[in-house]
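Comments concern the structure below.
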Amino acid sequence: MEPAVSLAVCALLFLLWVRVKGLEFVLIHQRWVFVCLFLLPLSLIFDIYYYVRAWVVFKLSSAPRLHEQRVQDIQKQVREWKEQGSKTFMCTGRPGWLTVSLRVGKYRKTHKNIMINLMDILEVDTKKQIVRVEPLVSMGQVTALLNSIGWTLPVLPELDDLTVGGLIMGAGIESSSHKYGLFQHICTAYELILADGSFVRCTPSENSDLFYAVPWSCGTLGFLVAAEIRIIPAKKYVKLRFEPVRGLEAICEKFTHESQRLENHFVEGLLYSLDEAVIMTGVMTDDVEPSKLNSIGSYYKPWFFKHVENYLKTNREGLEYIPLRHYYHRHTRSIFWELQDIIPFGNNPIFRYLFGWMVPPKISLLKLTQGETLRKLYEQHHVVQDMLVPMKCLSQALHTFQNDIHVYPIWLCPFILPSQPGLVHPKGDEAELYVDIGAYGEPRVKHFEARSCMRQLEKFVRSVHGFQMLYADCYMNREEFWEMFDGSLYHKLRKQLGCQDAFPEVYDKICKAARH
1 MEPAVSLAVC ALLFLLWVRV KGLEFVLIHQ RWVFVCLFLL PLSLIFDIYY
51 YVRAWVVFKL SSAPRLHEQR VQDIQKQVRE WKEQGSKTFM CTGRPGWLTV
101 SLRVGKYRKT HKNIMINLMD ILEVDTKKQI VRVEPLVSMG QVTALLNSIG
151 WTLPVLPELD DLTVGGLIMG AGIESSSHKY GLFQHICTAY ELILADGSFV
201 RCTPSENSDL FYAVPWSCGT LGFLVAAEIR IIPAKKYVKL RFEPVRGLEA
251 ICEKFTHESQ RLENHFVEGL LYSLDEAVIM TGVMTDDVEP SKLNSIGSYY
301 KPWFFKHVEN YLKTNREGLE YIPLRHYYHR HTRSIFWELQ DIIPFGNNPI
351 FRYLFGWMVP PKISLLKLTQ GETLRKLYEQ HHVVQDMLVP MKCLSQALHT
401 FQNDIHVYPI WLCPFILPSQ PGLVHPKGDE AELYVDIGAY GEPRVKHFEA
451 RSCMRQLEKF VRSVHGFQML YADCYMNREE FWEMFDGSLY HKLRKQLGCQ
501 DAFPEVYDKI CKAARH
């Protein structure tokens, strides 16, 4: 009873403080208080609900039966929109705050919202090595189910809340992408509802133009209702090697070398300054040395990026065995390193042991409660960007990141980019090794101004035939955008499928210059 009384008293004092100071003051200047007392418990409830729901639905095998009914309902909504005169563009009815992207989609207020309640794993076919899923299935759902039956996705992007639809219509990457490519490259079929309400299935050999045009299109060619994705046998652990490297030339050389070695199942780099990094390489294994087992995903463990930094500080190499699911979601608890700006003491051992089991707060709830003032502050004083550049330009790119935004740590993730039709492909006719440079945090460059600094960075990325992930703020004008992305197939299909009056162009949907 005493703990309950103490908690009630604390809550009462907090509410009185909020009343005196004002909710906006607390949300901006003492955000950690609100996050710890409200968002963490609420996030835990969300996670439990969705985990139990997914488990029950799959065990009862009700998802496939309900799937057809839900698809028909989407078709009905689209046809009703058409019968009513197609007066506005369509978009999914999912609230903008539920998406992992930090961008606020204002278009939902003016577009026809089509409700798409598709969040189930439909089928796992181990003979064909395929999993069929609905678009709102999250990576957390996928790993929980597939790992439990001995399978996994070849590319399983990091954060639990990332959805299949977002990773296809946007982009997805992981430290296995140097072998398998981006998330779109492990997909074997998409099922969509088009602008006229018709259903279509596309594969590399059936409706192939649409199959290659869908990735990165951000829902502007049709509504995704299911996807088939390759699966591979999983092993219990990842045998992970840590190697600190100093000097930019040595970092680029080592990272490129390890990315070219296909015997590495996983390759990743964390850059802590322009000339200090830790390069990690891993292989899946069922064998383990008990003394080197590290369950890094346990709530009481140090945040992964801080754990990795210790190898740099002590200047020593390391070898650890990490449970597979823990490895896949190694950056989830700290949202890479973003959580340190929200809960500054979050990696403190006392906090981890007492409250770490509730971490992290849902990104969607952080968005929902940030308010317009905090959103503008984040926009002007915070960077969340992933730029994809050819591996041969890595050194030049890191210098540019240092000069334009100066954010550390920086995430380095290699990937092979096949020469295929669509919005994103290499300059030549052959596959090329690229690297995702992820910058998340507060810029330390003097006189940082979001628009001018990001436009400078975007200009560099275009100049080396690179690409900007579209979940982030994009400052390019229309001409610059279509210089970066190959719109030939995309525009052909929009005209052919009647999308021009049904969906906004991808540029108008995501770029700040078009939205403001």
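Quick note on full-length UniProt numbering: the sequence shown kicks off at 1 and runs consecutively. Just so it is clear, CB atoms sit at the ideal spot from N, CA and C, and this is done for glycine as well. All values derive from a computational prediction rather than experimental measurement.
- V164 lies in the alpha helix (DSSP H); which residues open and close that run? Mapped onto the sequence shown, residue 164 falls at position 164. Where V164 is concerned, the enclosing alpha helix (DSSP H) stretches over 164-169.
- Query: Do you know offhand how far T267's Cα is from P409's?
  - Reply: Translated into positions along the sequence shown, residue 267 becomes position 267. Translated into positions along the sequence shown, residue 409 becomes position 409. Before going on, a small fix: residue 267 reads as Val here, not Thr. Near 17 Å, if we compare the C-alpha coordinates of P409 and V267.
- What first and last residue would you give for the alpha helix (DSSP H) that runs through F345? By 1-based counting over the sequence shown, the position of residue 345 is 345. Neither: F345 is in no alpha helix (DSSP H) and is coded neither H nor E.
- Message: With distance defined between alpha-carbon atoms, name the residue in R316, G318, Q380, W303 nearest to P344.
- Response: Residue mapping note: residue 344 aligns to position 344 of the sequence shown, counting from 1. When the alpha-carbon of P344 is set against those of R316, G318, Q380, W303, the nearest one is in W303.
- Task: State the beta-bridge partners of E320 as determined by DSSP.
- Result: Position 320 of the sequence shown, counted from the first residue, corresponds to residue 320. DSSP links E320 through a beta bridge to L240.
- Going by C-alpha distance, which of F415, Q468, W151, R325 is nearest K127? Here residue 127 is taken as the residue at index 127 of the sequence shown, counted from 1. Among F415, Q468, W151, R325, the Cα nearest to that of K127 belongs to W151.
- Message: Suppose you measure from the CA of W81 to the CA of K112; what does that come to, to the nearest Å?
- Response: As a position in the sequence shown, residue 81 is number 81, starting the count at 1. As a position in the sequence shown, residue 112 is number 112, starting the count at 1. So the alpha carbons of these two residues sit roughly 8 Å apart.
- Compare the beta carbon distance of Y440 and V384 with 7 Å and say whether it is the shorter of the two. Indexing the sequence shown from 1 puts residue 440 at position 440. Indexing the sequence shown from 1 puts residue 384 at position 384. Taking a C-beta distance under 7 Å as the contact criterion, Y440 and V384 qualify as a contact pair.
- 3-residue-minimum beta strand (DSSP E) runs that sit fully inside the segment 385-431, ordered along the chain: Counting only runs of 3 or more residues that sit fully inside the segment 385-431, the beta strand (DSSP E) segments are 410-417, in chain order.
- Do Y212 and P421 have their C-beta atoms within less than 7 Å of each other? Translated into positions along the sequence shown, residue 212 becomes position 212. Translated into positions along the sequence shown, residue 421 becomes position 421. Yes, these two residues count as a Cβ contact at 7 Å.
- Query: CA-CA distance, H331 and S86?
  - Reply: For the purposes of this step, residue 331 is identified with residue 331 of the sequence shown, where counting begins at 1. For the purposes of this step, residue 86 is identified with residue 86 of the sequence shown, where counting begins at 1. Straight-line spacing of the CA atoms in H331 and S86 works out to 43 Å.
- Message: Please tell me whether L470 and G170 are closer than 7 Å, where the distance is taken between their beta carbons.
- Response: Translated into the one-based positions of the sequence shown, residue 470 becomes position 470. Translated into the one-based positions of the sequence shown, residue 170 becomes position 170. Their beta carbons are under 7 Å apart, which means L470 touches G170 by this criterion.
- Message: Suppose the cutoff is 7 Å on Cβ atoms and the five residues either side in sequence are ignored; what does the same chain contact list for L248 look like?
- Response: In the sequence shown, counting from the first residue as 1, residue 248 sits at position 248. Annotation for L248: L274, D275, S395, L398 place their beta carbon closer than 7 Å to its own, counting only its chain and skipping 5 residues before and after.
- Item | P302 - DSSP class collapsed to helix/strand/coil | If you number the sequence shown from 1, residue 302 lands on position 302. Reduced to three states, the DSSP call for P302 is coil.
- Separation of E320 from S295, as counted between CA atoms: Looking up residue 295 in the sequence shown gives position 295. Looking up residue 320 in the sequence shown gives position 320. Put simply, the backbone Cα of S295 is about 10 Å away from that of E320.
- N315 to S217, Cα distance in whole Å? The residue you call residue 315 lines up with position 315 of the sequence shown. The residue you call residue 217 lines up with position 217 of the sequence shown. The straight-line gap from Cα to Cα measures roughly 44 Å.
- Item | Among Q402, V389, S463, the one whose alpha carbon lies nearest that of D436 | Taking the first residue of the sequence shown as position 1, residue 436 is located at position 436. The residue from Q402, V389, S463 with its alpha-carbon nearest to that of D436 is V389.
- Rounded to whole angstroms, what's the CA-CA distance from Y190 to G219? Just pull it up for me. Residue numbering aside, residue 190 sits at position 190 when the sequence shown is read from its first letter. Residue numbering aside, residue 219 sits at position 219 when the sequence shown is read from its first letter. For Y190 and G219, the distance between alpha carbons rounds to 12 Å.
- On the DSSP bridge assignment, give the partners of E123 in chain order. Walking along the sequence shown from the start, residue 123 turns up at place 123. Partner(s): R132.
- Query: Does the beta carbon of K76 come closer than 7 Å to any beta carbon on chain B?
  - Reply: The structure shown contains no chain B, having only a single protein chain.
- Per the contact definition of three or more C-beta pairs closer than 8 Å, is the segment 281-296 in contact with the segment 190-205? Counting Cβ pairs under 8 Å, fewer than three are found: no touch.
- Item | L366 (DSSP reduced to helix, strand or coil) | Position 366 of the sequence shown, counting from 1, holds the residue named residue 366. Helix, per DSSP.
- Message: Please state the DSSP three-state secondary structure of N310.
- Response: The residue you call residue 310 lines up with position 310 of the sequence shown. In the three-state reduction of the DSSP assignment, N310 falls in the helix class.
- Message: Considering just the uninterrupted stretch of the alpha helix (DSSP H) at Y180, what are its terminal residues?
- Response: Counting from 1 along the sequence shown, the entry for residue 180 is found at position 180. Taken as a continuous stretch (DSSP letters only), the alpha helix (DSSP H) holding Y180 covers 177-180.
- Item | Residues bridged to Q468 (per DSSP) | For the purposes of this step, residue 468 is taken as the residue at position 468 of the sequence shown. Partner(s): M387.
- Cβ-based burial, R132 [other Cβ within 10 Å; buried from 16]: If you number the sequence shown from 1, residue 132 lands on position 132. It is buried - the Cβ of R132 has at least 16 other Cβ atoms within 10 Å.
- Exposed unless 16 or more other CB atoms sit within 10 angstroms - verdict on G428: Within the sequence shown, residue 428 is the residue found at index 428, counting from 1. G428 is exposed by the Cβ-count criterion.
- Message: Can you look up G219 in the DSSP assignment and give me helix, strand or coil?
- Response: The sequence position of residue 219 within the sequence shown is 219, counting from 1. Coil.
- E249, enclosing beta strand (DSSP E) - first and last residue: As a first step, residue 249 is located in the sequence shown; it is residue number 249 there, counting from the start. Annotation for E249: no beta strand (DSSP E) segment contains it, though the alpha helix (DSSP H) segment containing it runs 248-260.
- Report yes or no: do three or more beta-carbon pairs, one from the segment 338-355 and one from the segment 162-176, lie closer than 8 Å? Per the Cβ contact rule, the segment 338-355 is not in contact with the segment 162-176 (fewer than 3 Cβ pairs under 8 Å).
- Item | Counted within 10 angstroms of its Cβ, other Cβ atoms place A502 as buried (16 or more) or exposed | Residue mapping note: residue 502 aligns to position 502 of the sequence shown, counting from 1. Its Cβ being crowded by 16 or more others within 10 Å, A502 is buried.
- Message: Please tell me whether A250 and C187 are closer than 7 Å, where the distance is taken between their beta carbons.
- Response: Position 250 of the sequence shown, counting from 1, holds the residue named residue 250. Position 187 of the sequence shown, counting from 1, holds the residue named residue 187. Their beta carbons are not under 7 Å apart, which means A250 does not touch C187 by this criterion.
- Message: Is any non-hydrogen atom of the ligand FAD found closer than 6 Å to the C-beta of N348, if you look at the structure I gave you?
- Response: The model depicted lacks the ligand FAD and carries no ligand whatsoever.
- Message: Under 8 Å, with one C-beta from each stretch per pair, do the segment 230-239 and the segment 143-160 reach the 3-pair mark?
- Response: Contact holds: three or more Cβ-Cβ distances are below 8 Å.
- Relative to the C-alpha of I405, which residue among G297, C453, N310, G498 is closest? For the purposes of this step, residue 405 is taken as the residue at position 405 of the sequence shown. Closest in alpha carbon position to I405, among G297, C453, N310, G498, is C453.
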